[in-house]
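Trainee: Its first residue numbered 1, the sequence shown is counted upward by one per residue in the UniProt record's numbering.
Yeah, the Cβ is synthetic: ideal placement off N, Cα and C, and Gly gets one too.
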Amino acid sequence: MHSLLVIEPAGTENPAEARSSGSPDSILSSCGYVVGTAASPEQAAPLIGDADAFILNLPVTDISSWRALLVRHKVAPVLWWCTPLTSTLSVSACGDDIMVDGILSPAMKSPEIHWMLHFSSRQCFERKQWLKEREQLLSRIEERKWIDMAKGILSQAKKISESEAYDLLRKQAMNERKRIVDVATSIVKVYQMLQDQT
């Protein structure tokens, strides 16, 4: 991890914090990272592609909207820069569904920052893998639903068992060189269309 994009809307930086070099860009730069900053989606857009992680120096209530905007363009870890200014609403926002891969603060030392960035990277890509697997499972469940409906229709129409109906579906799929779910979907849709007409 080398390049970071800090999101810090204009006017939110604490002048005293900036003077004491407590701003995220100065702290992260001193740890050896290349840091870009943006105050708006327009400023962030050209910097997203090069960023290895996104650091949100924002109130908790703004995290979800910025996170959605950033990960729509690139999957990368999103970390919250927690300071007294950004955490003032944290208690009231605890119930919100806020997803971050890690939390950084100005009090962290360089090794802690490095560790948290690597930890958040792992969290991000594990979540990406989990979401992909979840999507595949939901797809399989949906396919199974179509197949079960088609088996029910065939067993009722042909007066055969569901296992025989499945064998019939499988044989038809092989003959047509299609997936079983595609044949099942066709059967269910034709059946529903015929039912609507009667």
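Pick out whichever of D196, S30 and L154 has its Cα sitting closest to the Cα of T185.
Mentor: One-based indexing of the sequence shown puts residue 185 at position 185. The shortest C-alpha separation from T185 is found at L154.
Trainee: What does the alpha-carbon distance come out to for the pair A107 and I98?
Mentor: By one-based count along the sequence shown, residue 107 stands at place 107. By one-based count along the sequence shown, residue 98 stands at place 98. Their backbone Cα atoms lie some 23 Å apart in a straight line.
Trainee: Taking a contact to mean a Cβ-Cβ separation below 8 Å, would you say D101 touches S120 in this structure?
Mentor: Against the sequence shown, residue 101 aligns to sequence position 101. Against the sequence shown, residue 120 aligns to sequence position 120. Yes, these two residues count as a Cβ contact at 8 Å.
Trainee: Thinking A39 and A10 are a contact (beta carbons under 8 Å), I'd like their distance in whole angstroms, please.
Mentor: As a position in the sequence shown, residue 39 is number 39, starting the count at 1. As a position in the sequence shown, residue 10 is number 10, starting the count at 1. The pair is a contact, with the Cβ atoms about 4 Å apart (cut-off 8 Å).
Trainee: Which complete alpha helix (DSSP H) runs does the segment 24-73 hold, if anything under 4 residues is left out?
Mentor: Here the runs fully enclosed are 24-30, 41-48 and 60-73.
Trainee: Could you check whether the segment 73-84 touches the segment 56-63, counting it as contact only if at least three pairs of C-beta atoms, one from each stretch, sit closer than 8 Å?
Mentor: Flag = yes, the segment 73-84 and the segment 56-63 touch.
Trainee: When the distance is taken between beta carbons, is C124 closer than 8 Å to V75?
Mentor: Position 75 of the sequence shown, counted from the start, is the residue given in the question as residue 75. Position 124 of the sequence shown, counted from the start, is the residue given in the question as residue 124. Yes.
Trainee: G32: beta carbon under 7 Å from a heavy atom of the ligand HEM?
Mentor: Among the components modelled here there is no ligand, and therefore nothing to report on the ligand HEM.
Trainee: What residues in its chain sit with their C-beta under 8 Å from that of S105, if we drop five residues either side in the sequence?
Mentor: Residue mapping note: residue 105 aligns to position 105 of the sequence shown, counting from 1. W81, C82 and T83.
Trainee: Grouping DSSP H, G and I as helix and E and B as strand, with all else coil, what is residue 222?
Mentor: Because the chain spans 1 through 198 in this model, residue 222 falls outside it and cannot be assessed.
Trainee: Please state if the CB of V190 and the CB of W146 are separated by a distance shorter than 8 Å.
Mentor: Locating residue 146 in the sequence shown gives position 146, where the first residue counts as 1. Locating residue 190 in the sequence shown gives position 190, where the first residue counts as 1. No; because the gap between Cβ atoms is not below 8 Å, this pair is not in contact.
Trainee: Which of the three DSSP states, helix, strand or coil, is assigned to V183?
Mentor: Within the sequence shown, residue 183 is the residue found at index 183, counting from 1. Helix at V183.
Trainee: Work out the CA separation of P24 and Y33 for me, nearest whole Å.
Mentor: Taking the sequence shown and counting its residues from 1, one reaches residue 33 at position 33. Taking the sequence shown and counting its residues from 1, one reaches residue 24 at position 24. Going by the C-alpha atoms only, they are around 11 Å apart.
Trainee: Would you list the residues sitting across from I7 in a DSSP beta bridge?
Mentor: Along the sequence shown, one-based indexing puts residue 7 at 7. Per DSSP, A38 and L56.
Trainee: Indicate the three-state DSSP secondary structure (helix, strand or coil) for L104 in the structure shown.
Mentor: Counted from its first residue, the sequence shown places residue 104 at position 104. Three-state DSSP puts L104 in a strand.
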